[in-house]
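A short write-up of the structure that comes next.
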Amino acid sequence: MPKPLLLVLAVILIVCIDFRLYGQKIDTTYNRKIKEYTTDAKFLPASVLDLVEDGRVPSPLKHFGTIIGAPGVMHRTAEIYGYYKKLAETSPLISIKQVGTTE
Numbered sequence: 001m002p003k004p005l006l007l008v009l010a011v012i013l014i015v016c017i018d019f020r021l022y023g024q025k026i027d028t029t030y031n032r033k034i035k036e037y038t039t040d041a042k043f044l045p046a047s048v049l050d051l052v053e054d055g056r057v058p059s060p061l062k063h064f065g066t067i068i069g070a071p072g073v074m075h076r077t078a079e080i081y082g083y084y085k086k087l088a089e090t091s092p093l094i095s096i097k098q099v100g101t102t103e
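Counting with UniProt numbering, you get residues 1 to 103 for the letters of the sequence shown.
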């Protein structure tokens, strides 16, 4: 097979690869629960839809066993701070600095 033909075939193959295979995986369970528990579309901006799943950084669902804002569930401040600390430990993009205390 001539080299130009091989080159053309290689380019076609590269173009045809589905690059979505290399994208971030969507956390469908968390997203489904957000949609289920949201009472009004005004409270559901597009920025919170299609949250991604990361095997290294825990989602609130993995950390608390439920999503934030689930009906009948109230997380205490210490629990939320614990989650923030876990995020800071697992992600290089997050850091925590205490600037004061609350009651």
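All residues carry an ideal CB built from backbone N, CA and C; glycine is no exception.
Distance from the CA atom of Pro92 to the CA atom of Lys3, rounded to whole angstroms, is 45 Å. Val52 carries a strand assignment under DSSP once its states are collapsed to helix, strand and coil.
Two segments are said to touch when three or more pairs of C-beta atoms, one from each, lie closer than 8 Å; by this definition the segment 38-56 does not touch the segment 78-87. Residue pairing by DSSP places Ile26 opposite Val52 in a beta bridge. Assignment of alpha helix (DSSP H) within the segment 62-91, counting only whole runs of 4 or more residues, yields 77-90 in chain order.
With respect to Thr38, Thr77 sits apart: the two C-beta atoms are not nearer than 8 Å. For Pro60, the closest alpha carbon among the candidates Glu53, Thr29 and Ile68 is that of Ile68. Counting every other CB atom within 10 Å of its CB across the protein chains shown gives Ile34 a total of 16 or more, marking it as buried. A direct Cα-Cα distance of roughly 13 Å separates Glu53 from Arg32. A direct Cα-Cα distance of roughly 30 Å separates Met74 from Gln24.
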